[in-house]
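Residue 274 in the UniProt record's numbering sits at position 274 of the sequence shown, with consecutive numbering throughout.
C-beta: ideal position from N, C-alpha, C; glycine also.
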Amino acid sequence: MREIVLINITGEDRPGLTAALTGVLLQGGVNILDIGLAVMHGTLSFGILVDIPDNEVATQLLQSVQSKAHELNLQARYTPISEADYQHWAEGHGDQRHVVTLLSRQITPEQLQRASAVISQYGMTIERIERLSARVTLDAPVDKSRAAVEISVRGEPSDVQALRADFFALSSELSVDIAFQKDDLYRRNRRLAVFDMDSTLIEAEVIDELAKAAGVGEQVAAITERAMRGELDFRASFTERMALLKGLDVSVLEEIGASLRLTEGAENLFAELKRLGYKTAILSGGFSYFAKQVQARLGIDYVFANELQAVDGKLTGVAVEPIVDAQRKAELLQELAIKEGLQLEQTIAVGDGANDLPMLALAGLGVAFRAKPLVRQSAKQAISTLGLDGVLYLLGLRDRQARA
(Lines of atoms letter the chains of each structure in order from A; the text may use other names.)
(Lines give C-alpha, C1' and ligand atoms only; values in the text may rest on other atoms or scores of the structure.)
Protein backbone atom coordinates (compact mmCIF):
# COMPACT_ATOMS: atom_id res chain seq x y z
CA MET A 1 0.00 0.00 0.00
CA ARG A 2 1.35 3.41 -0.99
CA GLU A 3 2.28 6.10 1.50
CA ILE A 4 2.02 9.86 0.87
CA VAL A 5 4.20 11.76 3.31
CA LEU A 6 5.09 15.42 3.75
CA ILE A 7 8.72 15.72 4.91
CA ASN A 8 9.71 19.00 6.59
CA ILE A 9 13.40 19.74 7.15
CA THR A 10 14.60 22.75 9.17
CA GLY A 11 17.97 23.95 10.38
CA GLU A 12 21.00 26.06 9.55
CA ASP A 13 21.43 26.49 5.80
CA ARG A 14 24.67 25.73 3.96
CA PRO A 15 25.68 24.57 0.49
CA GLY A 16 24.84 21.02 -0.58
CA LEU A 17 21.88 20.30 1.70
CA THR A 18 19.29 19.91 -1.05
CA ALA A 19 21.48 17.47 -2.98
CA ALA A 20 22.24 15.48 0.16
CA LEU A 21 18.60 15.22 1.25
CA THR A 22 17.10 14.44 -2.14
CA GLY A 23 19.88 11.90 -2.70
CA VAL A 24 18.36 9.78 0.08
CA LEU A 25 15.11 9.64 -1.92
CA LEU A 26 16.77 7.88 -4.86
CA GLN A 27 15.85 4.51 -3.38
CA GLY A 28 12.49 2.82 -3.75
CA GLY A 29 10.91 4.51 -6.80
CA VAL A 30 9.75 7.57 -4.86
CA ASN A 31 7.68 10.16 -6.76
CA ILE A 32 7.95 13.83 -5.77
CA LEU A 33 4.47 15.40 -5.72
CA ASP A 34 5.33 18.88 -4.43
CA ILE A 35 8.38 20.73 -3.17
CA GLY A 36 9.21 24.08 -1.61
CA LEU A 37 12.30 25.63 -0.06
CA ALA A 38 12.94 28.94 1.67
CA VAL A 39 15.87 30.41 3.58
CA MET A 40 15.35 33.24 6.06
CA HIS A 41 18.32 34.72 7.92
CA GLY A 42 20.34 31.58 7.33
CA THR A 43 17.64 29.18 8.50
CA LEU A 44 16.44 26.57 6.01
CA SER A 45 12.82 25.46 5.71
CA PHE A 46 12.52 22.64 3.18
CA GLY A 47 9.30 20.77 2.45
CA ILE A 48 8.89 17.85 0.07
CA LEU A 49 5.74 15.82 -0.52
CA VAL A 50 6.52 12.28 -1.67
CA ASP A 51 4.55 9.30 -2.93
CA ILE A 52 6.20 6.09 -1.66
CA PRO A 53 5.20 2.78 -3.33
CA ASP A 54 4.60 0.69 -0.18
CA ASN A 55 4.79 0.72 3.63
CA GLU A 56 7.99 -1.26 3.90
CA VAL A 57 9.85 1.09 1.56
CA ALA A 58 8.33 4.07 3.37
CA THR A 59 9.58 2.96 6.78
CA GLN A 60 13.10 2.35 5.51
CA LEU A 61 13.16 5.57 3.49
CA LEU A 62 12.00 7.81 6.32
CA GLN A 63 14.56 6.27 8.64
CA SER A 64 17.25 7.08 6.06
CA VAL A 65 16.02 10.66 5.79
CA GLN A 66 16.03 10.98 9.59
CA SER A 67 19.57 9.60 9.74
CA LYS A 68 20.82 11.98 7.04
CA ALA A 69 19.12 14.96 8.72
CA HIS A 70 20.74 14.07 12.05
CA GLU A 71 24.12 13.74 10.32
CA LEU A 72 23.66 17.23 8.87
CA ASN A 73 22.48 18.68 12.21
CA LEU A 74 18.97 19.30 10.83
CA GLN A 75 15.53 18.50 12.19
CA ALA A 76 13.13 16.28 10.21
CA ARG A 77 9.38 15.96 10.73
CA TYR A 78 6.93 13.71 8.88
CA THR A 79 3.20 14.21 8.25
CA PRO A 80 1.19 11.38 6.62
CA ILE A 81 -1.28 12.62 3.99
CA SER A 82 -4.34 10.58 3.08
CA GLU A 83 -5.07 9.88 -0.58
CA ALA A 84 -8.38 11.72 -0.21
CA ASP A 85 -6.68 14.83 1.19
CA TYR A 86 -4.05 14.71 -1.52
CA GLN A 87 -6.70 14.36 -4.23
CA HIS A 88 -8.60 17.34 -2.84
CA TRP A 89 -5.38 19.40 -2.87
CA ALA A 90 -4.51 18.30 -6.41
CA GLU A 91 -7.97 19.20 -7.72
CA GLY A 92 -7.50 22.71 -6.37
CA HIS A 93 -4.53 23.25 -8.69
CA GLY A 94 -6.73 25.18 -11.11
CA ASP A 95 -8.09 27.55 -8.48
CA GLN A 96 -7.75 31.26 -9.22
CA ARG A 97 -4.62 32.86 -7.77
CA HIS A 98 -4.35 36.44 -6.55
CA VAL A 99 -1.58 38.59 -5.15
CA VAL A 100 -1.97 40.95 -2.21
CA THR A 101 0.89 43.46 -1.93
CA LEU A 102 1.52 45.50 1.22
CA LEU A 103 3.54 48.72 0.78
CA SER A 104 4.67 51.02 3.57
CA ARG A 105 7.72 52.64 5.08
CA GLN A 106 7.68 49.82 7.62
CA ILE A 107 5.50 46.69 7.71
CA THR A 108 4.04 46.10 11.17
CA PRO A 109 2.49 42.95 12.71
CA GLU A 110 -0.88 44.72 12.88
CA GLN A 111 -0.85 45.54 9.17
CA LEU A 112 -0.02 41.95 8.27
CA GLN A 113 -2.44 40.42 10.77
CA ARG A 114 -5.41 42.50 9.72
CA ALA A 115 -4.75 42.11 5.99
CA SER A 116 -4.47 38.35 6.51
CA ALA A 117 -7.75 38.34 8.43
CA VAL A 118 -9.51 40.06 5.50
CA ILE A 119 -8.06 37.48 3.09
CA SER A 120 -9.45 34.67 5.24
CA GLN A 121 -12.78 36.41 5.78
CA TYR A 122 -13.48 36.36 2.04
CA GLY A 123 -12.68 32.68 1.61
CA MET A 124 -9.13 32.75 0.29
CA THR A 125 -6.09 30.86 1.51
CA ILE A 126 -2.56 32.23 1.87
CA GLU A 127 0.00 30.03 0.09
CA ARG A 128 3.17 32.11 0.28
CA ILE A 129 4.50 35.35 1.76
CA GLU A 130 7.68 36.98 0.43
CA ARG A 131 9.57 40.20 0.99
CA LEU A 132 10.11 42.26 -2.18
CA SER A 133 11.96 45.21 -0.68
CA ALA A 134 15.67 45.23 0.10
CA ARG A 135 17.07 44.55 3.54
CA VAL A 136 17.33 47.69 5.63
CA THR A 137 19.65 48.61 8.46
CA LEU A 138 18.12 49.07 11.89
CA ASP A 139 19.12 52.72 12.01
CA ALA A 140 17.68 53.63 8.58
CA PRO A 141 15.44 56.75 8.70
CA VAL A 142 11.80 55.67 8.56
CA ASP A 143 10.84 58.40 6.10
CA LYS A 144 13.47 57.11 3.62
CA SER A 145 12.89 53.39 4.06
CA ARG A 146 10.70 51.17 1.90
CA ALA A 147 8.96 47.94 2.80
CA ALA A 148 7.00 45.67 0.47
CA VAL A 149 5.56 42.24 1.15
CA GLU A 150 3.83 40.05 -1.45
CA ILE A 151 1.18 37.56 -0.31
CA SER A 152 0.16 34.85 -2.79
CA VAL A 153 -3.38 33.64 -2.18
CA ARG A 154 -5.57 30.91 -3.64
CA GLY A 155 -9.28 31.13 -4.34
CA GLU A 156 -11.86 33.63 -5.55
CA PRO A 157 -13.09 36.22 -3.02
CA SER A 158 -16.71 35.77 -2.02
CA ASP A 159 -17.34 39.51 -2.55
CA VAL A 160 -14.53 41.32 -4.36
CA GLN A 161 -16.04 44.80 -3.93
CA ALA A 162 -16.45 44.34 -0.19
CA LEU A 163 -12.91 42.97 0.05
CA ARG A 164 -11.52 46.02 -1.76
CA ALA A 165 -13.53 48.30 0.52
CA ASP A 166 -12.11 46.57 3.60
CA PHE A 167 -8.57 46.85 2.25
CA PHE A 168 -9.16 50.56 1.53
CA ALA A 169 -10.33 51.12 5.11
CA LEU A 170 -7.25 49.33 6.46
CA SER A 171 -4.99 51.37 4.20
CA SER A 172 -6.38 54.63 5.56
CA GLU A 173 -6.27 53.49 9.17
CA LEU A 174 -2.84 51.84 9.26
CA SER A 175 -0.79 53.91 6.76
CA VAL A 176 -0.22 50.97 4.43
CA ASP A 177 -1.08 50.54 0.76
CA ILE A 178 -2.78 47.23 -0.02
CA ALA A 179 -3.00 46.14 -3.65
CA PHE A 180 -5.16 43.21 -4.76
CA GLN A 181 -4.51 41.75 -8.22
CA LYS A 182 -5.14 38.61 -10.21
CA ASP A 183 -1.92 36.65 -10.54
CA ASP A 184 -2.35 36.03 -14.25
CA LEU A 185 -0.24 36.08 -17.41
CA TYR A 186 -0.59 39.84 -17.88
CA ARG A 187 0.75 40.83 -14.47
CA ARG A 188 4.37 40.23 -15.53
CA ASN A 189 3.81 40.89 -19.22
CA ARG A 190 2.91 44.58 -19.29
CA ARG A 191 4.77 46.74 -21.79
CA LEU A 192 3.27 50.27 -21.84
CA ALA A 193 3.13 52.70 -18.91
CA VAL A 194 1.41 56.09 -19.13
CA PHE A 195 1.51 58.86 -16.53
CA ASP A 196 -0.17 62.05 -15.57
CA MET A 197 2.45 64.75 -15.01
CA ASP A 198 1.38 67.37 -12.45
CA SER A 199 1.50 66.01 -8.87
CA THR A 200 2.40 62.60 -10.31
CA LEU A 201 5.74 62.87 -12.13
CA ILE A 202 6.47 66.29 -10.65
CA GLU A 203 5.74 67.71 -7.20
CA ALA A 204 3.65 70.63 -8.43
CA GLU A 205 0.57 71.68 -10.36
CA VAL A 206 2.21 73.85 -13.01
CA ILE A 207 -0.92 75.85 -13.73
CA ASP A 208 -0.92 76.92 -10.07
CA GLU A 209 2.72 78.03 -10.39
CA LEU A 210 1.84 80.08 -13.48
CA ALA A 211 -1.10 81.58 -11.62
CA LYS A 212 1.17 82.69 -8.76
CA ALA A 213 3.36 84.48 -11.28
CA ALA A 214 0.26 86.13 -12.75
CA GLY A 215 -0.97 87.25 -9.32
CA VAL A 216 -4.05 85.00 -9.32
CA GLY A 217 -2.54 82.09 -7.40
CA GLU A 218 -5.18 81.54 -4.73
CA GLN A 219 -8.06 81.82 -7.19
CA VAL A 220 -6.60 79.29 -9.63
CA ALA A 221 -5.40 76.91 -6.90
CA ALA A 222 -8.91 76.70 -5.48
CA ILE A 223 -10.31 75.78 -8.90
CA THR A 224 -7.52 73.21 -9.43
CA GLU A 225 -8.19 71.58 -6.08
CA ARG A 226 -11.89 71.19 -6.81
CA ALA A 227 -11.20 69.83 -10.29
CA MET A 228 -8.73 67.21 -8.99
CA ARG A 229 -11.30 66.11 -6.38
CA GLY A 230 -13.85 65.64 -9.16
CA GLU A 231 -16.13 68.45 -8.00
CA LEU A 232 -15.72 70.40 -11.27
CA ASP A 233 -15.65 69.31 -14.89
CA PHE A 234 -11.99 69.37 -15.95
CA ARG A 235 -12.58 70.95 -19.37
CA ALA A 236 -14.66 73.80 -17.97
CA SER A 237 -12.30 74.39 -15.06
CA PHE A 238 -9.27 74.32 -17.37
CA THR A 239 -10.80 76.94 -19.65
CA GLU A 240 -11.64 79.12 -16.64
CA ARG A 241 -8.12 78.86 -15.22
CA MET A 242 -6.48 79.55 -18.57
CA ALA A 243 -8.48 82.77 -18.97
CA LEU A 244 -7.04 84.01 -15.66
CA LEU A 245 -3.51 83.66 -17.10
CA LYS A 246 -4.13 86.08 -19.95
CA GLY A 247 -1.30 88.60 -20.30
CA LEU A 248 1.33 86.58 -18.37
CA ASP A 249 4.80 87.11 -19.87
CA VAL A 250 6.24 83.90 -21.38
CA SER A 251 9.61 84.68 -19.80
CA VAL A 252 8.35 83.14 -16.55
CA LEU A 253 8.04 79.71 -18.18
CA GLU A 254 11.77 79.04 -18.15
CA GLU A 255 12.10 80.00 -14.50
CA ILE A 256 9.17 77.79 -13.45
CA GLY A 257 10.44 74.88 -15.55
CA ALA A 258 13.85 75.07 -13.89
CA SER A 259 12.27 74.93 -10.43
CA LEU A 260 10.17 71.79 -10.99
CA ARG A 261 11.13 68.78 -8.87
CA LEU A 262 10.61 65.20 -9.91
CA THR A 263 8.51 63.08 -7.57
CA GLU A 264 10.28 60.66 -5.22
CA GLY A 265 11.15 57.47 -7.07
CA ALA A 266 10.47 58.79 -10.60
CA GLU A 267 14.03 58.40 -11.87
CA ASN A 268 14.36 54.88 -10.49
CA LEU A 269 10.99 53.84 -11.91
CA PHE A 270 11.74 55.02 -15.44
CA ALA A 271 15.23 53.55 -15.43
CA GLU A 272 13.74 50.15 -14.53
CA LEU A 273 10.86 50.40 -17.01
CA LYS A 274 13.32 51.21 -19.79
CA ARG A 275 15.52 48.29 -18.75
CA LEU A 276 12.50 46.00 -18.88
CA GLY A 277 11.57 47.14 -22.38
CA TYR A 278 8.53 49.30 -21.59
CA LYS A 279 7.27 52.14 -23.74
CA THR A 280 6.33 55.16 -21.63
CA ALA A 281 4.16 58.24 -22.13
CA ILE A 282 3.02 61.43 -20.44
CA LEU A 283 -0.74 62.02 -20.81
CA SER A 284 -1.17 65.35 -19.09
CA GLY A 285 -3.81 67.98 -18.59
CA GLY A 286 -0.83 70.27 -17.98
CA PHE A 287 1.35 71.89 -20.62
CA SER A 288 3.63 70.46 -23.30
CA TYR A 289 6.33 73.08 -22.62
CA PHE A 290 6.98 71.51 -19.22
CA ALA A 291 6.09 67.94 -20.23
CA LYS A 292 8.87 67.96 -22.83
CA GLN A 293 11.35 68.98 -20.13
CA VAL A 294 10.21 66.04 -17.99
CA GLN A 295 10.40 63.81 -21.06
CA ALA A 296 14.05 64.74 -21.58
CA ARG A 297 14.94 64.15 -17.92
CA LEU A 298 13.30 60.71 -17.69
CA GLY A 299 13.72 59.40 -21.24
CA ILE A 300 9.98 59.14 -21.93
CA ASP A 301 8.84 57.98 -25.38
CA TYR A 302 5.60 59.94 -25.95
CA VAL A 303 4.18 63.24 -24.72
CA PHE A 304 0.59 64.46 -25.02
CA ALA A 305 -0.28 67.66 -23.18
CA ASN A 306 -1.93 71.05 -23.68
CA GLU A 307 -0.43 73.97 -25.57
CA LEU A 308 0.22 77.41 -24.11
CA GLN A 309 -0.77 79.95 -26.76
CA ALA A 310 1.21 83.22 -26.79
CA VAL A 311 1.09 86.37 -28.90
CA ASP A 312 3.78 89.06 -28.69
CA GLY A 313 5.37 87.25 -25.73
CA LYS A 314 2.19 87.16 -23.67
CA LEU A 315 -0.13 84.25 -22.92
CA THR A 316 -3.51 84.70 -24.60
CA GLY A 317 -5.43 82.83 -21.91
CA VAL A 318 -7.09 80.70 -24.60
CA ALA A 319 -7.45 76.96 -24.09
CA VAL A 320 -6.12 75.50 -27.35
CA GLU A 321 -8.07 72.55 -28.73
CA PRO A 322 -7.87 69.61 -28.49
CA ILE A 323 -7.71 69.81 -24.71
CA VAL A 324 -6.18 66.77 -23.01
CA ASP A 325 -8.98 66.04 -20.57
CA ALA A 326 -10.14 62.82 -18.91
CA GLN A 327 -11.74 61.38 -22.04
CA ARG A 328 -8.78 62.32 -24.22
CA LYS A 329 -6.38 60.58 -21.82
CA ALA A 330 -8.41 57.38 -22.07
CA GLU A 331 -8.48 57.65 -25.86
CA LEU A 332 -4.71 58.20 -26.01
CA LEU A 333 -4.08 55.14 -23.86
CA GLN A 334 -6.11 53.03 -26.26
CA GLU A 335 -4.39 54.54 -29.31
CA LEU A 336 -0.91 53.93 -27.88
CA ALA A 337 -1.77 50.34 -26.98
CA ILE A 338 -2.90 49.71 -30.56
CA LYS A 339 0.19 51.43 -31.96
CA GLU A 340 2.46 49.23 -29.82
CA GLY A 341 0.48 46.07 -30.65
CA LEU A 342 -0.61 45.51 -27.05
CA GLN A 343 -3.75 44.48 -25.21
CA LEU A 344 -5.07 47.00 -22.68
CA GLU A 345 -4.32 44.37 -20.02
CA GLN A 346 -0.63 44.94 -20.83
CA THR A 347 -0.78 48.63 -19.91
CA ILE A 348 -0.16 50.63 -16.73
CA ALA A 349 -1.67 54.03 -15.99
CA VAL A 350 -0.70 56.25 -13.04
CA GLY A 351 -2.30 59.52 -11.98
CA ASP A 352 -3.57 61.51 -9.02
CA GLY A 353 -6.67 63.40 -10.14
CA ALA A 354 -10.30 62.72 -10.98
CA ASN A 355 -9.48 63.42 -14.64
CA ASP A 356 -7.18 60.37 -14.55
CA LEU A 357 -9.88 57.90 -13.49
CA PRO A 358 -11.05 56.88 -17.00
CA MET A 359 -7.52 55.90 -18.07
CA LEU A 360 -6.87 54.20 -14.71
CA ALA A 361 -10.02 52.12 -15.24
CA LEU A 362 -8.98 51.10 -18.77
CA ALA A 363 -5.42 50.06 -17.97
CA GLY A 364 -4.50 46.56 -16.90
CA LEU A 365 -2.90 48.15 -13.83
CA GLY A 366 -4.39 51.50 -12.83
CA VAL A 367 -2.67 53.23 -9.91
CA ALA A 368 -3.88 56.31 -8.04
CA PHE A 369 -0.68 57.94 -6.81
CA ARG A 370 -0.84 60.12 -3.67
CA ALA A 371 -4.38 60.92 -4.72
CA LYS A 372 -7.43 62.39 -3.05
CA PRO A 373 -9.64 59.85 -1.17
CA LEU A 374 -12.30 59.76 -3.92
CA VAL A 375 -9.69 58.95 -6.56
CA ARG A 376 -7.92 56.37 -4.34
CA GLN A 377 -11.20 54.63 -3.60
CA SER A 378 -12.27 54.59 -7.26
CA ALA A 379 -8.99 53.33 -8.74
CA LYS A 380 -8.01 49.66 -8.97
CA GLN A 381 -4.86 50.23 -6.90
CA ALA A 382 -3.34 53.10 -4.94
CA ILE A 383 0.08 54.12 -3.66
CA SER A 384 0.26 56.83 -1.01
CA THR A 385 2.99 55.70 1.40
CA LEU A 386 5.95 55.24 -0.99
CA GLY A 387 7.47 56.99 -3.98
CA LEU A 388 6.53 56.47 -7.62
CA ASP A 389 8.83 53.47 -7.94
CA GLY A 390 6.49 51.60 -5.60
CA VAL A 391 4.74 50.69 -8.87
CA LEU A 392 7.56 48.19 -9.48
CA TYR A 393 6.47 46.16 -6.46
CA LEU A 394 3.00 45.81 -7.99
CA LEU A 395 4.70 44.14 -10.96
CA GLY A 396 6.29 41.65 -8.58
CA LEU A 397 9.79 43.11 -9.05
CA ARG A 398 12.16 42.63 -6.13
CA ASP A 399 14.75 45.21 -5.18
CA ARG A 400 17.52 42.66 -5.64
CA GLN A 401 16.43 42.23 -9.28
CA ALA A 402 16.69 45.94 -9.99
CA ARG A 403 19.67 47.47 -11.69
CA ALA A 404 22.42 48.46 -9.27
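Its Cα nearest to that of Leu-21, the residue Leu-44 stands out among Gly-353, Arg-2, Leu-44 and Arg-400.
Distance between Gly-23 and Ala-134, taken at the CA atoms: about 34 Å. Assigned with DSSP and collapsed to three states, Asn-8 falls in strand.
His-98 sits close to Met-124, with the two beta carbons spaced by under 8 Å. The beta carbon of Gln-343 lies closer than 8 Å to those of Tyr-186, Ala-337 and Gly-364 in the same chain, with the five residues before and after it left out.
DSSP places Asp-166 in no beta strand (DSSP E) but in the uninterrupted alpha helix (DSSP H) bounded by 160-174.
Following the DSSP letters along the chain, one finds Ala-222 inside the alpha helix (DSSP H) bounded by residues 217-228. Here Leu-210 really is in contact with Ile-256; their C-beta atoms are around 7 Å apart, less than 8 Å.
Of all alpha-carbon atoms in Ile-35, Ala-19, Glu-3 and Pro-15, the one lying nearest the alpha-carbon of Gly-28 is that of Glu-3. For Tyr-122, same chain residues with a beta-carbon under 6 Å away, outside a window of 5 residues either side, are Pro-157, Ser-158 and Leu-163 in chain order.
Bounds of the alpha helix (DSSP H) holding Ile-207 are 206-214.
DSSP lists Ile-7 as the beta-bridge partner residues of Tyr-78.
Looking only at Asn-8, Ser-120, Met-40 and Ile-119, the smallest Cα-Cα distance to Ala-69 is reached by Asn-8. According to the DSSP secondary-structure assignment, Lys-314 is paired through a beta bridge with Asp-249 and Val-311. For Asp-198, the CB contacts under 7 Å within the same chain, skipping 5 residues up- and downstream, are Ala-204, Glu-205, Val-206, Ser-284 and Gly-286 in chain order.
The region 274-336 is shown to contain whole beta strand (DSSP E) runs of 3 or more residues at 279-287, 302-306, 308-311 and 314-319, in chain order. Leu-192 carries a strand assignment under DSSP once its states are collapsed to helix, strand and coil. The residue among Glu-150, Ala-193 and Tyr-86 with its C-alpha nearest the C-alpha of Leu-269 is Ala-193. The straight-line gap separating the alpha-carbon atoms of Asp-399 and Gly-351 is approximately 23 Å. Partner residues in a beta bridge of Gln-96, as assigned by DSSP, do not exist. In the DSSP assignment, Glu-240 falls within the unbroken alpha helix (DSSP H) covering 234-244. Distance from Arg-191 to Gly-299 at the Cβ level is roughly 16 Å; contact not present, criterion being Cβ atoms closer than 8 Å. The straight-line gap separating the alpha-carbon atoms of Leu-315 and Leu-260 is approximately 20 Å. Per DSSP, Ile-107 has no beta-bridge partner at all.
The continuous beta strand (DSSP E) containing Glu-150 extends over residues 147-154. For Leu-392, the closest C-alpha among the options Glu-150, Glu-83, Met-40 and Val-318 is that of Glu-150. Exposed is the label assigned to Gly-215, since fewer than 16 other Cβ atoms lie within 10 Å of its Cβ.
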